[in-house]
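Residue numbers 32 to 209, in our numbering, belong to the letters of the sequence shown in order.
Here a beta-carbon is modelled for each residue, glycine too, at the ideal position from N, C-alpha and C.
Heads up: the structure comes next, in structure tokens.
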Amino acid sequence: MIKFINWVPTRPESIDAFFELAPVSFSDIVYDLGSGDGRLLFAALEKGAGRCVGVDVDRECVTDAREKAKEKGMEDKVCFVHGDATETDLSPASVVLCYMYPSASYALRSQLEEELKPGSRVIMETFPVPGWKPNEIREIEGGKLYLYIMPIEKTEDYDDAINHLDFIPYYEYPEEDG
Ligand SMILES: C[S@@+](CC[C@H](N)C(=O)[O-])C[C@H]1O[C@@H](n2cnc3c(N)ncnc32)[C@H](O)[C@@H]1O
């Protein structure tokens, strides 16, 4: 597994902005790639999403998120998977949230394009997807949210953009069971 970034939680005061940009309803299946303690998905359920899936390489984050889901009585509507976002089938998602460094975009860009259905929405926190033209950008405390609606519109430098990323190094994360 590859860890693109450590756990840095989205600030509580920024969470509502996700669902103002991408309102959710009972028919939505929301994925958070790098779900941390699950806060974005708990908020998605509170805003009316039908089902949520969180994926994280960090086992402690997954354990913490599962415990919080239980405490909130939400465990039948959200599942937290210990795994690598790049090895996850994203095709069921109607909304994808992601707050990881650009090296994650590099790894996920073609997967998102191939697996997400038309009309699915992607929100990237702080780090936009190189080569994708955002449908909307929202300022949040200390950063921005970038909304994309599938199929994405490519920027003129689509092919080059991905090759000119300022790579923030990532590292191999020890393989674990489960
Ligand atoms: C910046 S935190 C964001 C947490 C949460 N989404 C939030 O907004 O509060 C990024 C998370 O991505 C996880 N992560 C890093 N690389 C990953 C990968 N390849 N697959 C899944 N999760 C990953 C980290 O363990 C961390 O919990």
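- Message: Per the DSSP calculation, residue 62 is bridged to which residue(s)?
- Response: 84, 127
- Message: Any heavy atom of ligand 1 closer than 7 Å to the beta-carbon of residue 156?
- Response: yes
- Query: Considering only C-alpha positions, which residue in the set 87, 114, 121, 90 is nearest to residue 153?
  - Reply: 121
- Out of 70, 96, 115, point me to the one whose CA is closest to residue 44's CA. 70
- Message: Would the segment 89-101 count as touching the segment 57-75 if we require 3 or more Cβ pairs under 8 Å?
- Response: yes
- Message: Whole angstroms are fine: how far does the CA of residue 85 sit from the CA of residue 209?
- Response: Caution applies to residue 209, whose pLDDT of 39 falls short of 50 and renders its modelled position unreliable; the value that the coordinates give is listed next. Taking the straight line from one Cα to the other gives about 14 Å.
- Does the beta-carbon distance from residue 161 to residue 182 come in below 8 Å? no
- Residues in its own chain within less than 7 Å of residue 175 by CB, not counting five upstream and five downstream? 157, 168, 169
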